[in-house]
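Student:
Residue numbers (this note's numbering): 12 to 309.
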C-alpha cells in the first residue's frame, strides 16, 4: 500500500466506490426496509390508543429492525468477498442480536445521563432561589427555570456538561463503528472485539464521519422533513412554520402518513449507503485479519 491509498481522500473515494457497488443491487432490500418503516409508522398511530396494540407495536418494531439488518447484511455481503459463507438470514440474525446489544448499551447510558442531568438541573435551579412549583403551568415553569439558570450562570455549566456527554456518546459510536461489518465478515458477533481496532484512530474516523455521515444526514433529513411537512405531517419544521397545517392535512389517515414515511425513508437511502460504504472501507484497513492497523494510519 502507498501513502495515497491510506489518505482521507482515498477513504472517500473507496466509500463512494462501495456505494456505487451496492446502491442498485440492494435496491429490493431498501424497498423492503422502507415498507417496514411505513408499517411501523402505521402501528405508531394505532398503538397510541393503548391496549393490546402496544405489544404488537413492539413486535413490529423488532421486525423493522430485523428487516433493516437483512438489508444491511446484504450490503456487507456484496462488498466483502469473505462474507456470505452463511445464508443471508443467518448473517442478518447475528447482526440483529449485535445491534440490539449496542442499542441496549446506548439505552442504559442515555437513561443514566437523563437521570443525572435531571437531578443536577434541579440542584442548579434550587441554588438560584426559583421554585418551579410556584408556576402553575408546566411549560411556563420550564422557561422560568431556564431563565433563572441563565441569570445565575448555571445554564453554561449545564450546557457544557451536556456537550461533554453528547461528545462521549459520539466517541463511543465511532469506536464501535465497524462492529456491524465485522460481525458479518467474520461470521460471529463482533462488538467490543473491534474496540481495539479503532484505538488511536478516533480523530481520523471522526473527520470521515462528519464528512460522510453527519453532513449527509443533516441535508437528507431536512429534505425528508420538508417533504413530510409539505404533505401535512408534523416535523421539525412544524415548530417554525407560520400558522397551522391545513385542515385537510391535519386529517391524514394513518396509511397516508405511513406511505409518506416510507417515501422519506427512501430519501434517506444515500445516508445508509454511505455509512455501509465507509464501514467497509474502514474494516478493510483496520481489521487485523485484513491488514495491520499501524500501517494504515501510522
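Note that the Cβ used here is the ideal one computed from N, Cα and C, for glycine as well. Since the structure is predicted, the reported quantities are computational estimates derived from the model, not experimental observations.
1) Could you give the residue range of the alpha helix (DSSP H) that holds residue 228?
2) Does the beta-carbon distance from residue 177 to residue 160 come in below 7 angstroms?
3) Can you tell me the Cα-Cα spacing of residue 250 and residue 240, whole angstroms?
4) Quick check: the region 20-34 against the region 288-302, are there 3 or more CB pairs under 8 angstroms?
5) Is residue 44 near residue 78, with beta carbons less than 7 angstroms apart?
6) Would you kindly check if the distance between the Cβ of residue 52 and the Cβ of residue 276 is under 7 angstroms?
7) To the nearest angstrom, report how far apart residue 8 and residue 133 are at their CA atoms.
8) Would you kindly report the start and end of the unbroken alpha helix (DSSP H) that includes residue 180?
9) Could you tell me whether the Cβ atoms of residue 231 and residue 282 are closer together than 7 angstroms?
10) Go ahead and pull the three-state DSSP assignment for residue 200.
11) Consider the C-beta atom of residue 23 and the heavy atoms of the ligand NAP; say whether any pair is separated by less than 6 angstroms.
12) Rounded to a whole number of angstroms, what is the C-alpha to C-alpha distance between residue 310 and residue 203?
13) Going by Cα to Cα distance, which pick from 245, 93 and 99 is closest to residue 294?
14) Any idea what DSSP makes of residue 281, helix, strand or coil?
15) Quick one: what does DSSP say residue 206 is sitting in, helix, strand or coil?
16) Only counting the same chain, and skipping five residues up and downstream in sequence, which positions put a Cβ closer than 8 angstroms to that of residue 213?
17) Does residue 195 come out as helix, strand or coil in the three-state DSSP assignment?
18) Return the first residue and the last residue of the alpha helix (DSSP H) that residue 221 is part of.
19) Restricting to Cα atoms, I'd like to know which of 234, 263 and 107 is closest to residue 201.
20) Which residue marks the beginning of the alpha helix (DSSP H) containing residue 19, and which one marks its end?
21) Determine the burial state of residue 83: buried for a count of at least 16 other Cβ atoms within 10 Å of its Cβ, exposed for fewer.
22) Pull up the CB-CB distance for residue 207 and residue 193, whole angstroms please, since I reckon it's below 8 angstroms.
23) Counting only runs that start and end within the region 33-121, where is the alpha helix (DSSP H) found for 4 or more residues in a row?
24) If residue 265 and residue 57 are in contact, beta carbons under 8 angstroms, what's the gap, nearest whole angstrom?
25) How many angstroms separate the CA atom of residue 40 from the CA atom of residue 80?
26) By how many angstroms is the C-alpha of residue 180 removed from the C-alpha of residue 76?
27) Please look up how many angstroms separate the CB atoms of residue 120 and residue 33, rounded, as I've assumed it's under 8 angstroms.
Tutor: Working from what's here:
1) Position 217 of the chain shown, counted from the first residue, corresponds to residue 228. Run containing residue 228: 226-241, per the alpha helix (DSSP H) assignment.
2) As a first step, residue 177 is located in the chain shown; it is residue number 166 there, counting from the start. As a first step, residue 160 is located in the chain shown; it is residue number 149 there, counting from the start. Not closer than 7 angstroms, so no.
3) Here the question's residue 250 lines up with position 239 in the chain shown. Here the question's residue 240 lines up with position 229 in the chain shown. Caution is warranted here: a pLDDT of 43 is assigned to residue 250, below 50, making its placement in the model unreliable, and the coordinate value is therefore given only provisionally. Each residue's Cα considered, the two are about 11 angstroms apart.
4) yes
5) For this step, residue 44 is matched to residue 33 along the chain shown. For this step, residue 78 is matched to residue 67 along the chain shown. Yes.
6) On the chain shown, position 265 is the one that residue 276 refers to. On the chain shown, position 41 is the one that residue 52 refers to. For residue 276 and residue 52, no; Cβs fall outside 7 angstroms.
7) The structure shown does not extend to residue 8, since the chain is modelled only from 12 through 309, so no value can be given for it.
8) Numbered from 1 along the chain shown, position 169 holds the residue referred to as residue 180. Start and end: 165-186.
9) Position 220 of the chain shown, counted from the first residue, corresponds to residue 231. Position 271 of the chain shown, counted from the first residue, corresponds to residue 282. Yes, the pair counts as a contact, with Cβ atoms nearer than the cut-off.
10) Walking along the chain shown from the start, residue 200 turns up at place 189. Reduced to three states, the DSSP call for residue 200 is coil.
11) Summarising the ligand content, the structure contains no ligands, and the ligand NAP is consequently not present.
12) Any answer about residue 310 is impossible in this case: the structure gives the chain only from 12 up to 309.
13) Here residue 294 refers to the residue found at position 283 of the chain shown. That would be 93, whose Cα lies nearest to the Cα of residue 294.
14) Within the chain shown, residue 281 is the residue found at index 270, counting from 1. Of the three classes helix, strand and coil, the one that applies to residue 281 here is helix, per DSSP.
15) The residue given as residue 206 occupies position 195 in the chain shown. Here residue 206 sits in coil by DSSP.
16) For the purposes of this step, residue 213 is identified with residue 202 of the chain shown, where counting begins at 1. Around residue 213: 182, 185 and 186.
17) Taking the first residue of the chain shown as position 1, residue 195 is located at position 184. In this structure, residue 195 counts as helix in the three-state DSSP scheme.
18) Your numbering for residue 221 matches position 210 in the chain shown. No alpha helix (DSSP H) contains residue 221, which DSSP labels as neither H nor E.
19) Within the chain shown, numbered from 1, the residue matching residue 201 stands at position 190. Looking at the Cα atoms, 107 is the closest of the given residues.
20) Here residue 19 refers to the residue found at position 8 when the chain shown is read from its first residue. Run containing residue 19: 19-33, per the alpha helix (DSSP H) assignment.
21) Numbered from 1 along the chain shown, position 72 holds the residue referred to as residue 83. Per the 10 Å Cβ criterion, buried.
22) Residue 207 sits at position 196 when you count from the first residue of the chain shown. Residue 193 sits at position 182 when you count from the first residue of the chain shown. Contact flag wrong, Cβ pair sits at about 12 angstroms.
23) 38-58 and 64-90
24) Here residue 265 corresponds to residue number 254 of the chain shown, with the count starting at 1. Here residue 57 corresponds to residue number 46 of the chain shown, with the count starting at 1. Correct: roughly 7 angstroms between the Cβ atoms.
25) For the purposes of this step, residue 40 is taken as the residue at position 29 of the chain shown. For the purposes of this step, residue 80 is taken as the residue at position 69 of the chain shown. Answer to the nearest angstrom: the Cα atoms are 10 angstroms apart.
26) Residue 76 sits at position 65 when you count from the first residue of the chain shown. Residue 180 sits at position 169 when you count from the first residue of the chain shown. Rounded to the nearest angstrom, the two C-alpha atoms are 21 angstroms apart.
27) Along the chain shown, read from residue 1 onward, the residue named residue 120 stands at position 109. Along the chain shown, read from residue 1 onward, the residue named residue 33 stands at position 22. Between residue 33 and residue 120 the Cβ distance is about 31 angstroms, and since that is not below 8 angstroms, they are no contact.
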